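*Asks:* Mind having a look at this structure? Questions to follow.
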Amino acid sequence: MREWFLCLIETKGNFYINVGLRNKRFFVQPVFTLTMKKEDLNILEELKREIGIGEIKIGRNAVFSIRGMKNLLEFLDKIEEEELITSKKRDFILWKEAVQLVKEYKHLSKEGFLRICEIRDRMNLKKKRKSYKSKRYFEKLIERLNLKFESEKERRKISSSLRTIYWLRS
17 MREWFLCLIE TKGNFYINVG LRNKRFFVQP VFTLTMKKED LNILEELKRE
67 IGIGEIKIGR NAVFSIRGMK NLLEFLDKIE EEELITSKKR DFILWKEAVQ
117 LVKEYKHLSK EGFLRICEIR DRMNLKKKRK SYKSKRYFEK LIERLNLKFE
167 SEKERRKISS SLRTIYWLRS
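Residue numbers (our numbering): 17 to 186.
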């Protein structure tokens, strides 16, 4: 990986995991973003050309993001944890574990989903975490709503395109 890209990750990058419940469906979405001022859009465009994946959206800032399992796995092939030296290294290691759990469909089990919530709680500690996104919140929600997760056999049948979103039986 080129050094300038690693410097961007260390200073402007963000590894995060979006989790939630929408319409009786839990979702898990690992994402990498890199946010810069609109004036620096050319740097993000060069980055996208260099690594061949990701998308750029322009709002108040310019945001380069990588999402979707295929793209995330390709991104992981391009970066090694040994290359990172700041607190981003810790977040990257945790994020990588969560991506691996999703890749292996383990997030479709109660234990796997709660493990991802736990990983998320330990990441990006400088930011305030909303209590309704914590592992404890989801544990109580699962118990309160008496939600059931798919069996191991059923999880294996789920299409890879639906890997990050799944239905809960009640």
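In this text, a Cβ means the ideal position worked out from N, Cα and C, and glycines have one as well.
None of the values given here were measured: they were computed from a predicted structure.
When every heavy atom of the ligand ZN is checked, does at least one fall within less than 8 Å of the C-beta of L22?
*Replies:* This structure lacks the ligand ZN; in fact it carries no ligand of any kind.
*Asks:* In chain order, which continuous runs of the beta strand (DSSP E) of length 3 or greater are located wholly inside the segment 60–94?
*Replies:* Whole beta strand (DSSP E) segments, 3+ residues: 71–74 and 78–82.
*Asks:* Counting only the same chain and skipping the five closest in sequence on each side, list residues whose C-beta sits under 7 Å from that of F130.
*Replies:* As written in the sequence, residue 130 is Leu, which differs from the Phe given in the question. Closer than 7 Å at Cβ, skipping near neighbours: K151, F154 and E155.
*Asks:* Under 6 Å Cβ to Cβ from L26, same chain only, skipping five residues before and after it: list those, please.
*Replies:* Per the sequence shown, residue 26 should be read as Glu rather than Leu. So the list reads T102 and K104, once near-sequence residues are dropped.
*Asks:* Which value, in whole angstroms, describes the spacing of the CA atoms of K85 and A114?
*Replies:* At residue 85 the sequence reads Met, which differs from the Lys that was named. Looking at the two C-alpha atoms, the distance is approximately 11 Å.
*Asks:* Kindly indicate which three-state DSSP category Y121 falls into: helix, strand or coil?
*Replies:* In this structure, Y121 counts as coil in the three-state DSSP scheme.
*Asks:* Can you check which of these residues, L92, I135 and R138, is closest to I69 by C-alpha distance?
*Replies:* I69 has its Cα closest to that of L92, out of L92, I135 and R138.
*Asks:* I'd like to check one pair, E99 with I82: are the Cβ atoms closer than 9 Å?
*Replies:* Contact: no.
*Asks:* Measure the alpha-carbon distance for D137 versus L110 and round it to whole angstroms.
*Replies:* Straight-line Cα distance between these residues: approximately 10 Å.
*Asks:* Are the beta-carbon atoms of I33 and I135 separated by less than 9 Å?
*Replies:* Going by C-beta atoms, I33 is nearer than 9 Å to I135.
*Asks:* From F108 to G128, what distance separates their C-alpha atoms?
*Replies:* Going by the C-alpha atoms only, they are around 18 Å apart.
*Asks:* What residue range does the alpha helix (DSSP H) around L130 cover?
*Replies:* That run of the alpha helix (DSSP H) goes K126 to R138.
*Asks:* Have a look at Q45, S125, V79 and N87 and flag the residue whose alpha-carbon is nearest the alpha-carbon of M52.
*Replies:* Nearest C-alpha to M52: V79.
*Asks:* Return the CA-CA distance between L124 and L50, expressed in angstroms with no decimal places.
*Replies:* L124 and L50: Cα-Cα distance of roughly 28 Å.
*Asks:* In three-state terms, what does DSSP make of I33?
*Replies:* If DSSP states are grouped into helix, strand and coil, I33 belongs with the strands.
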